[in-house]
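> Residues are numbered in the working numbering as their position in the sequence shown, beginning at 1, plus a constant of 9.
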Amino acid sequence: SWRNPRRIWSILMRKGWKKDKMLSLSMTRWRNSACQMVHAALDLKWFEKIGFVSLLGVYENLCAKKAN
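(1) Identify whether L51 lies in helix, strand or coil by the three-state DSSP scheme.
(2) Which word fits L21, buried or exposed, when buried means at least 16 other C-beta atoms lie within 10 angstroms of its C-beta?
(3) Thinking K24 and A50 are a contact (beta carbons under 8 Å), I'd like their distance in whole angstroms, please.
(4) According to DSSP, is F56 helix, strand or coil?
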């Protein structure tokens with residue numbers, strides 16, 4: 010789970026972040042949710058990979074269907 014600090018660290022390391030930058034990463038869930046490093050690690054590709062649906066995509070599909 011992304012809530013696990015080890016998981017966030019491993020994702021950031023794979024994406025090329027340096028350990029000295031990640032030392033400032035606080036390991037509380039609420040603080041991590043607003044952290045730029047976490048946003049970089051958990052990008053849209055990651056959410057698509059694990060099966061999350063884009064709400065913007067759903068909205069655009071609904072608008073396109075209403076227009077037709």
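Just so it is clear, CB atoms sit at the ideal spot from N, CA and C, and this is done for glycine as well.
This is what the structure gives:
(1) In the sequence shown, the residue the question calls residue 51 occupies position 42. Note: L51 maps to coil in three-state DSSP.
(2) Residue mapping note: residue 21 aligns to position 12 of the sequence shown, counting from 1. Burial call: buried.
(3) Counting from one through the sequence shown, the residue named residue 24 turns up at place 15. Counting from one through the sequence shown, the residue named residue 50 turns up at place 41. Contact holds; Cβ gap of about 6 Å.
(4) By one-based count along the sequence shown, residue 56 stands at place 47. Three-state DSSP puts F56 in a helix.
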